[in-house]
Amino acid sequence: MKLHSYFRSSAAYRVRIALHLKGLSFDYVPVHLLRGDHRAAEYADRVGDALVPALELDAGPLLTQSMAIIEYLDETQPAVPLLPADALGRAHVRALAQMVACEIHPLNNLRVLKYLVRTLEVSEEQKTTWYQHWAGAGLAAIERQLGLLAEERRAAGLAESSFCWGDTPGLADCCLIPQVFNAQRFGLTLDELPRIAAIVQRCNALPAFQLSHPDACPDHQ
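Under the working numbering, think of the first position of the sequence shown as 64, with each following residue one higher.
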């Protein structure tokens, strides 16, 4: 497989984590977003939204959108599941993942930040304030949700989660870790988010997350 990726794209970062958690080998194909590589015809003609990530399968088809890619991998490579076996657990994990992918990330991705600066002509300080506001509010919501889920597990007689849900990292962790990485780049801290901070520490101690980190990517700058 070939993963078309940009080292600092949180969406591509999610897919790298999923691939490494499952022990799947892939070739890394850099697509430099700041240089506009994604808009070049050779890429954009193959990828409808001209974004990263895109996963080129061995058989030829090309998949887009990180959440769809990860769920495809989970369905076709089930040996290391990223979703729980039970429907309730899957719903909780998908909800946590979507709190990142649908609520936080769309307001703070590179396209939005560039539009703020280049078109609306906000200052760098204002751009950072925008990012910190929306990412901070979103992560605080996840922290509260993790607390509610912990209460639910206790009431059901389940062990406390070590990761977002359960004792192994899954889809929600694949989404949370990249979002935290980029939030910290913009000056956010986890001082008031102890549950998230503990999950980040546990995840980043695992080889799959270390191999997926932007610093480990061949296009890292």
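Yeah, the Cβ is synthetic: ideal placement off N, Cα and C, and Gly gets one too.
Rounded to the nearest angstrom, how far is the Cβ of residue i from that of residue j, given a contact under 8 angstroms?
i: ARG216; j: SER225; result: Contact doesn't hold; Cβ gap of about 11 angstroms is too wide.
i: ALA235; j: ALA160; result: 5 angstroms
i: HIS95; j: ASP282; result: 7 angstroms
i: LEU87; j: ARG109; result: About 21 angstroms; that fails the 8 angstroms criterion.
i: VAL163; j: CYS238; result: 4 angstroms
Straight-line CA distance for residue i to residue j?
i: PRO241; j: TYR76; result: 6 angstroms
i: HIS168; j: ALA246; result: 10 angstroms
i: ALA122; j: SER72; result: 25 angstroms
i: GLN284; j: LEU173; result: 16 angstroms
i: ALA261; j: LEU183; result: 38 angstroms
i: LEU151; j: ASP137; result: 17 angstroms
i: SER275; j: ILE205; result: 22 angstroms
i: LEU120; j: MET64; result: 5 angstroms
i: VAL156; j: CYS227; result: 7 angstroms
Look up residue i in the DSSP assignment and say whether it is helix, strand or coil.
i: ASP90; result: strand
i: LEU126; result: strand
i: LEU118; result: strand
i: SER186; result: coil
i: LYS177; result: helix
i: SER224; result: coil
i: HIS155; result: helix
i: LEU66; result: strand
i: ARG111; result: The amino acid at residue 111 is misidentified as Arg; the sequence shows Gly. Reduced to three states, the DSSP call for GLY111 is coil.
i: THR231; result: coil
Who are the near neighbours of residue i in its chain, counting only those whose CB is closer than 8 angstroms to its CB and skipping five residues on each side?
i: GLY210; result: ARG258
i: GLY111; result: THR127
What does a CB cutoff of less than 7 angstroms around residue i pick up in its chain, not counting 5 residues either side in sequence?
i: PHE272; result: ILE80, ILE240 and CYS266
i: LYS190; result: LEU176, LEU179 and VAL180
i: VAL78; result: LEU66, PRO116, LEU118, SER129, ILE132 and ILE133
If I measure Cβ to Cβ from residue i and keep anything under 6 angstroms in the same chain, skipping five residues before and after, which residues do I get?
i: VAL243; result: VAL263
*contact_flag[the stretch 242–256, the stretch 78–89] where n(CB pairs < 8 angstroms) is 3 or more*: no
*asked:* Is it the case that the stretch 133–150 contacts the stretch 231–238, given that we only count it when at least three CB pairs across the two stretches are under 8 angstroms?
replied: yes
*Are at least three pairs of beta-carbons, each pair with one atom in the stretch 193–208 and one in the stretch 95–113, less than 8 angstroms apart?*
no
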